[in-house]
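Heads up: the first sequence is residues 0 to 136, going by numbering that gives the first Met the number 0.
Notes to accompany the following structure.
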Amino acid sequence: MGPRVSADRSFDDGYNWRKYGQKLVKGCEFPRSYYKCTLPNCEVKKIFKRSFDGQIKEIVKGTHYHPKPQPARRSSAGAIMSNQEKTDKVSSLTAEEDGTPELSAPGTNDDIVEVAVPQLNSTNDEVDDDDPFSKKR
DNA sequence: AGCCTTTGACCAGCG
DNA sequence: TCGCTGGTCAAAGGC
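Okay, here's the thing in structure tokens:
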């Protein structure tokens, strides 16, 4: 295992996240983790919830209005420099959000994005019907 | 030296 | 009005 990489940046989507809290909520036997974007102009918050069966749900509140930072952070000489993400991508993102709020959910506000991360559990059999929320995507 | 991680306590909102 | 839950901030320690 990595010296500093494990449950922290396991879901590193290219941005830098800083954990600012952890709380054990009722209903979940696992604690909830709160992450915040470390970018100066980004206050996007991310909440990691652990569902039953060990399914991880990533709730992202907010949107990144700038390109992803370079992986030049302290790490094992990453220097991948996969400059595939250009500012153009950002435009696309903003356009996407500005395009269609859809979601007829009355309680839906702002731009909360819920992403269910299916883990490679041993019982890799119910990756689809394993969703207790049955929310139409 | 700087940044990140972890735990506890406090505060706010809702029922 | 009180109680409970969720969420956030702060401080200390470690790498």
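All residues carry an ideal CB built from backbone N, CA and C; glycine is no exception.
Here the structure is a predicted model, which is why all the values come from computation and not from measurement.
Starting from the C-beta of residue i, find all residues in its chain whose C-beta is less than 6 Å away, skip the five residues before and the five after it, and write them out in chain order.
i	result
A115	K56
L23	P30
E113	I58
I111	K60
Please classify residue i: does DSSP put it in a helix, a strand, or coil?
i	result
E42	coil
K22	strand
E28	coil
Y14	coil
Y64	coil
A71	Below a pLDDT of 50, predicted positions are generally treated as unreliable, and A71, at 46, falls in that range; no measurement from the model is reported.
Could you tell me the alpha carbon to alpha carbon distance between residue i and residue j, rounded to whole angstroms?
i	j	result
K35	E28	23 Å
P39	S32	21 Å
W16	G26	26 Å
Y64	E42	10 Å
K47	K18	Residue identity differs from the one stated: residue 47 is Phe in this sequence, not Lys. Whole-angstrom Cα-Cα distance: 10 Å.
Spatial neighbours of residue i within its chain, please: CB distance less than 8 Å, with the 5 preceding and 5 following residues excluded, ordered by chain position.
i	result
K44	Y33, Y34, K35, C36, V59, K60 and G61
I'd like the list of long-range same chain contacts for residue i, defined as Cβ closer than 7 Å, with 5 residues on each side in sequence excluded.
i	result
G20	Y33
R49	C27, F29 and I55
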